[in-house]
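For the sequence shown, the numbering used here gives the first residue as 378, with consecutive numbering after it.
Think of the CB as a built atom: it goes at the ideal place given N, C-alpha and C, for glycine as much as any other residue.
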Amino acid sequence: MFPQRLTEGYRAFLDERFPREKNRFEALAEKGQSPEVMVIGCCDSRVSPEVIFDVGPGELFVVRNIANLVPVYQPDGGAHGVSAALEFAVQVLKVKHIVVLGHAQCGGIRAFVDKIEPLTPGDFIGKWMQMFIKPGEVVEQRDHETMAQFVERIEKAAVFRSLENLMTFPFVQKAVDSGQMQTHGAYFGVAEGSLFVLDKAAKEFKSVRNAA
Ligand SMILES: [Zn+2]
Numbered sequence: 378m379f380p381q382r383l384t385e386g387y388r389a390f391l392d393e394r395f396p397r398e399k400n401r402f403e404a405l406a407e408k409g410q411s412p413e414v415m416v417i418g419c420c421d422s423r424v425s426p427e428v429i430f431d432v433g434p435g436e437l438f439v440v441r442n443i444a445n446l447v448p449v450y451q452p453d454g455g456a457h458g459v460s461a462a463l464e465f466a467v468q469v470l471k472v473k474h475i476v477v478l479g480h481a482q483c484g485g486i487r488a489f490v491d492k493i494e495p496l497t498p499g500d501f502i503g504k505w506m507q508m509f510i511k512p513g514e515v516v517e518q519r520d521h522e523t524m525a526q527f528v529e530r531i532e533k534a535a536v537f538r539s540l541e542n543l544m545t546f547p548f549v550q551k552a553v554d555s556g557q558m559q560t561h562g563a564y565f566g567v568a569e570g571s572l573f574v575l576d577k578a579a580k581e582f583k584s585v586r587n588a589a
């Protein structure tokens, strides 16, 4: 049976939100989408970009995966979901911004740092998370770090790595170089609803809660 929660939610959408935004949906259907922002986020049910950024239909082009990872450019004939979404966003939609959105309490990162089962060779998550590390790279808890600090550092490092990997895509590099597009990192704190945006020059995430 189709989940009742969804049927009810859909009916509420049809009664309330849809009539309010009907013109927008019609225009989007007629003219097509032209979002200016792509968000690469985590699958985590607590971190929905449309909710966090309070946006409507047609505003965000979103790809979500375990731990908001971007692979390196690998035109090897394989099927690459994130890369296909990136190609569409940059080449066809010509988005002006790509935001990599990391978050606190990320299960994918936690699984990665804990090396927990069932991340056996036959499973998908272990293999997926491997794209986060470079060959020979060692990711370890530092002496002075608590487990929570370690996990947060790696959650943020995943955003840095994804931003780095983005630039391995020639069309991303080209769009950034020509000034048509910018890439950004952000980190969402689930409990407080806090948002930190990466200051690339300072290599630090800074709160934007009270910024102008
Ligand atoms: Zn996550």
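Unbroken beta strand (DSSP E) run spanning residue i, endpoints
| i | result |
| --- | --- |
| SER539 | Not the beta strand (DSSP E): SER539 falls in the alpha helix (DSSP H), residues 524-543. |
| ASN445 | Element bounds for ASN445: n/a, residue is neither H nor E. |
| VAL416 | 414-419 |
Selection from the options that minimises the alpha carbon distance to residue i
| i | options | result |
| --- | --- | --- |
| MET544 | SER460, GLU413, LEU470 | SER460 |
| HIS480 | GLU385, GLU581, PHE573 | PHE573 |
| GLU413 | CYS483, VAL472, ARG423, PRO434 | VAL472 |
| TRP505 | LEU446, TYR450, ASP453, ALA466 | LEU446 |
| PHE501 | LYS408, GLY386, ASN442 | ASN442 |
| GLU581 | ASN542, PHE537, VAL549, THR384 | PHE537 |
| PHE548 | GLU407, HIS521, LEU478, ALA466 | ALA466 |
| ARG397 | GLY386, GLY433, VAL428, PHE565 | GLY433 |
| MET508 | MET415, ASP431, TYR450 | TYR450 |
| GLU436 | GLU385, HIS474, LEU463, LEU478 | HIS474 |
| GLY503 | GLN550, LEU463, ALA488 | ALA488 |
| ASP431 | GLY570, ALA525, MET378 | GLY570 |
| CYS592 | LYS399, ALA389, CYS483, GLY409 | Beyond the ends of the chain as shown, which are 378 and 589, falls residue 592; an answer cannot be given. |
Three-state secondary structure (DSSP) of residue i
| i | result |
| --- | --- |
| GLU581 | strand |
| PHE546 | coil |
| VAL477 | strand |
| PHE430 | coil |
| VAL469 | helix |
| ARG586 | coil |
| LYS376 | As shown, the chain starts at 378 and ends at 589. That puts residue 376 outside it, with no answer to give. |
| VAL490 | helix |
| GLY454 | coil |
| GLY484 | helix |
Beta-carbon separation (whole angstroms), residue i vs residue j, contact threshold 8 angstroms
| i | j | result |
| --- | --- | --- |
| VAL439 | GLY458 | No, VAL439 and GLY458 are not in contact; Cβ-Cβ is about 13 angstroms, not under 8 angstroms. |
| THR523 | LEU540 | Contact doesn't hold; Cβ gap of about 26 angstroms is too wide. |
| VAL528 | VAL490 | 6 angstroms |
| ALA535 | ALA444 | 5 angstroms |
| LEU575 | GLY562 | 3 angstroms |
| PRO426 | LEU478 | 6 angstroms |
| GLU532 | ILE486 | 5 angstroms |
| PRO565 | VAL424 | The sequence shown places Phe at residue 565, rather than the Pro named in the question. Yes, they are in contact, since the Cβ atoms of PHE565 and VAL424 sit about 6 angstroms apart, within 8 angstroms. |
| ASN542 | PRO448 | 6 angstroms |
| VAL476 | VAL553 | Their Cβ separation, rounded to whole angstroms, is 14 angstroms, which puts VAL476 and VAL553 out of contact at 8 angstroms. |
N-terminal and C-terminal residue of the alpha helix (DSSP H) that residue i is part of
| i | result |
| --- | --- |
| GLN559 | First-last for GLN559: 559-566, but that is the beta strand (DSSP E), not the alpha helix (DSSP H). |
| LEU463 | 458-464 |
| LEU383 | 381-389 |
| ASP664 | It is not possible to answer for residue 664, since the shown part of the chain is limited to 378 through 589. |
| ARG401 | 399-408 |
| MET506 | 501-506 |
Residues that DSSP places opposite residue i in a beta bridge
| i | result |
| --- | --- |
| VAL439 | VAL416 |
| ASP576 | GLU581 |
| SER571 | GLY566 |
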